[in-house]
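Note sheet for the following structure.
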Amino acid sequence: MAIGAFVEGGGSGYSGRVTPFVVLSCIVAGSGGILFGYDLGISGGVTSMEPFLKKFFPDVYHQMKGDKKKVSNYCRFDSELLTVFTSSLYIAGLVATLVASSVTRRFGRRASILIGGSVFVAGSVFGGAAVNIYMLILNRVLLGIGLGFTNQSIPLYLSEMAPPQHRGAINNGFELCISIGILIANLINYGVDKIEGGWGWRISLSMAAVPAAFLTVGALFLPETPSFVIQRSGDVDSARALLQRLRGTAAVHKELEDLVMASEVSKTIRHPLRNMLRRRYRPQLVIAVLVPLFNQVTGINVINFYAPVMFRTIGLRESASLMSAVVTRVCATAANVVAMAVVDRLGRRRLLLVGGVQMLVSQVMVGAILAGKFREHGEEMEKEYAYLVLSVMCVFVAGFAWSWGPLTYLVPAEICPLEVRSAGQSIVIAVIFLLTFLIGQTFLAMLCDLKFATFFLFAACLCVMTLFVFFFLPETKQLPMEQMDQLWRTHWFWKRIVGDSPQQQVVELHHHHQRSSSE
3 MAIGAFVEGG GSGYSGRVTP FVVLSCIVAG SGGILFGYDL GISGGVTSME PFLKKFFPDV
63 YHQMKGDKKK VSNYCRFDSE LLTVFTSSLY IAGLVATLVA SSVTRRFGRR ASILIGGSVF
123 VAGSVFGGAA VNIYMLILNR VLLGIGLGFT NQSIPLYLSE MAPPQHRGAI NNGFELCISI
183 GILIANLINY GVDKIEGGWG WRISLSMAAV PAAFLTVGAL FLPETPSFVI QRSGDVDSAR
243 ALLQRLRGTA AVHKELEDLV MASEVSKTIR HPLRNMLRRR YRPQLVIAVL VPLFNQVTGI
303 NVINFYAPVM FRTIGLRESA SLMSAVVTRV CATAANVVAM AVVDRLGRRR LLLVGGVQML
363 VSQVMVGAIL AGKFREHGEE MEKEYAYLVL SVMCVFVAGF AWSWGPLTYL VPAEICPLEV
423 RSAGQSIVIA VIFLLTFLIG QTFLAMLCDL KFATFFLFAA CLCVMTLFVF FFLPETKQLP
483 MEQMDQLWRT HWFWKRIVGD SPQQQVVELH HHHQRSSSE
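Count along the sequence shown starting at 1, add 2, and that's the number in the numbering used here.
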């Protein structure tokens, strides 16, 4: 395919390697993913702990302990207050990420990381010290604000710091950190559940301050990205020195030239969010909305923050359900490592297609097992089938972890030109938070009403999104971000939508000046 040939050649004009300076900077920034992952894992764990439910959600506790013949097994955890606790974080994050767009563009990626980490620390204090439901909700709101800033800025930071030929692997480190955060949360939940006195949940909620403090302190020493250095002050000499340090070579002229041209275009854009609506940014807008939307309708957040609750629903006891969540997360973390190793070699499209099919088959299997072997009333599912569901869920989370998980953050960040990059990433995170909020608010009620058909609904969504990737998403591996607009003018569908991009206009003007000078 012609696009593939262009992509391989596109990055060949850039020199450099992955230096220790890049690795250290990206480890510190990428650790922000642990915050998001820890919260996803911790909320589902504590809401399956009986002491926590008894203190803050007594209605759910009594419903769980009630007569199994009167309450459907699908409905034991259905509670509006419980879903507000779980999902209030995401509506706060939705608002915060829109504010973060302006902060990131005006004051830099590092500033947003600092703000996000600091607010997250404050929220963790309220969680560990909570004595009523209002303190719990305040904890969730503050965590949401923190995540709104960090999730908006960190993928941008990683994409702009990484060499094009290794951008996929480095950016996927953010999803790896999310997985590690969920795994740490699941292990802590499993450990503190055995503490006598029923106060272990306080440790779970307050420990979120540890990764947040690491990120906040580390961000004080992070350099800004070369793109923002040029965009903010036009200081080409400082950007050149930073690029040389990042790439480990003095031959950075081509990359620096592209960054300067991208900055010239970005200065002509005063309202990036409004400009995303223009026709020339239509592909970026569609992908910035649909990719995170599809990410959420895979059903992954059902696993992330309701896994222990769901495993208890099908018959596993409290400790077993918490350990089952640990097992699924170990599988996901291993798959994240695989994704980092192969994403720049196999490409984004192939991983998205394979992962989509893998998740589709898994959701159909879970729905079929529940339809055939899970009784709505009376005793729960036989243990053998409960563990079969667990095995299929491991296959599902592995498929997500090497495809839609990391690539949801990578693809939109790398396809957006500098002038709308911050706005594009804000759209991505806003869609993620909005859909996570809606799914968090509706899943337990949906499980109660639709029962096993819930998983067939997720399977149908997976079919649609896999077809979208096949027909409408071009390959972006190894192509410099400043040359990404070439994709749309050669793609069979998008070339009918876009005209000459502003980047192309600047490039043509630049070449015209060069020809005039030579004459």
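Just so it is clear, CB atoms sit at the ideal spot from N, CA and C, and this is done for glycine as well.
Every value quoted in this text rests on a predicted model; they were computed, and no experiment measured them.
Item	Value
Counting along the chain, where does the alpha helix (DSSP H) carrying Q286 start and finish?	284–298
Looking only at its chain, what residues have a beta carbon closer than 7 Å to the beta carbon of W494, apart from the 5 residues adjacent to it on each side?	none
Can the beta-carbon of R142 be found closer than 8 Å to that of L96?	no
With burial defined as no fewer than 16 other Cβ atoms inside 10 Å of the residue's Cβ, what is the status of R498: buried or exposed?	exposed
Can you tell me whether N297 is buried or exposed, with buried defined as 16 or more other CB within 10 angstroms of its CB?	buried
Is it buried or exposed for G119, if we count other Cβ within 10 angstroms and need 16 for buried?	buried
Kindly confirm or deny that the stretch 29–48 and the stretch 154–170 touch, where touching means at least three C-beta pairs closer than 8 Å.	yes
Just verifying my parser: in three-state terms, what is the DSSP assignment at S17?	coil
Beta-carbon within less than 7 Å of S518's beta-carbon, same chain only, minus the 5 sequence neighbours each way: which residues are those?	Legend: pLDDT at S518 = 43, less than 50; position of this residue unreliable, no value from coordinates given.
Check whether the stretch 223–230 touches the stretch 358–365, counting contact only when three or more Cβ pairs, one atom from each stretch, lie closer than 8 Å.	no
Are the beta-carbon atoms of L412 and G170 separated by less than 8 Å?	yes
Specify, as a first and last residue, the run of the alpha helix (DSSP H) that L83 falls within.	82–109
Would DSSP call G11 helix, strand or coil?	In this prediction, G11 has a pLDDT of 35, which is less than 50 and means its spatial position is unreliable; what the coordinates show is noted afterwards. In this structure, G11 counts as helix in the three-state DSSP scheme.
From V359, G110, R204, pick the residue whose C-alpha is nearest to that of A400; which is it?	V359
Can you give me the C-alpha to C-alpha distance between M209 and L217, rounded to a whole angstrom?	14 Å
Straight-line CA distance for V332 to V340?	13 Å
Closest by CA to L436, which one among Y159, G146, A447, I180?	G146
Below 8 Å on the Cβ atoms is my contact criterion, and I expect G150 with A94 to pass it. Report the Cβ-Cβ distance as a whole number of Å.	7 Å
Quick check on the DSSP output: the alpha helix (DSSP H) that includes S33 runs from which residue to which?	Neither: S33 is in no alpha helix (DSSP H) and is coded neither H nor E.
For a quick check, are the C-beta atoms of N338 and W404 less than 8 Å apart?	yes
In or out: I186 buried (at least 16 other Cβ within 10 Å) or exposed?	buried
Taking the Cβ atom as the reference point for each residue, do G148 and G125 lie within a distance shorter than 8 Å?	yes
Which value, in whole angstroms, describes the spacing of the CA atoms of F176 and T444?	27 Å
For G35, I'd like the list of residues in its chain whose CB is within less than 6 Å of its CB, leaving aside the five on either flank, ordered along the chain.	F176, C179, I180
Buried or exposed: where does I182 fall if 16 or more other Cβ atoms within 10 Å of its Cβ makes it buried?	buried
Please classify T270 as buried or exposed, where buried requires at least 16 other C-beta atoms within 10 Å of its C-beta.	exposed
Does DSSP put N134 in a helix, in a strand, or in coil?	coil
Which residues in the same chain have their Cβ closer than 8 Å to the Cβ of L353, if we skip the five residues on either side of it in sequence?	A341, V344, V345, W404, S405, L409
Can you have a look at T492 and say buried or exposed, based on whether 16 or more other CB atoms are within 10 angstroms of its CB?	exposed
Contact check, I156 vs I184 under 8 Å by CB: the rounded distance?	With 8 Å as the limit, I156 and I184 do not qualify as a contact, their Cβ atoms being about 17 Å apart.
Can you tell which of Y389, T300, Y192 has the C-alpha that lies nearest to the C-alpha of V466?	T300
Taking all protein chains shown into account, do 16 or more other C-beta atoms lie within 10 angstroms of the C-beta of R112, making it buried, or fewer, making it exposed?	buried
Between G18 and L324, which are expected to be in contact by the criterion C-beta below 8 Å, what is the C-beta distance as a whole number of angstroms?	So it is not a contact: roughly 45 Å between Cβ atoms.
How far does the alpha helix (DSSP H) with A400 in it reach, from first residue to last?	385–403
In angstroms, rounded to a whole number, what distance separates the CA positions of G236 and F470?	39 Å
Would you decide whether N188 is buried or exposed? Buried here means 16 or more other CB atoms lie within 10 Å of its CB.	buried
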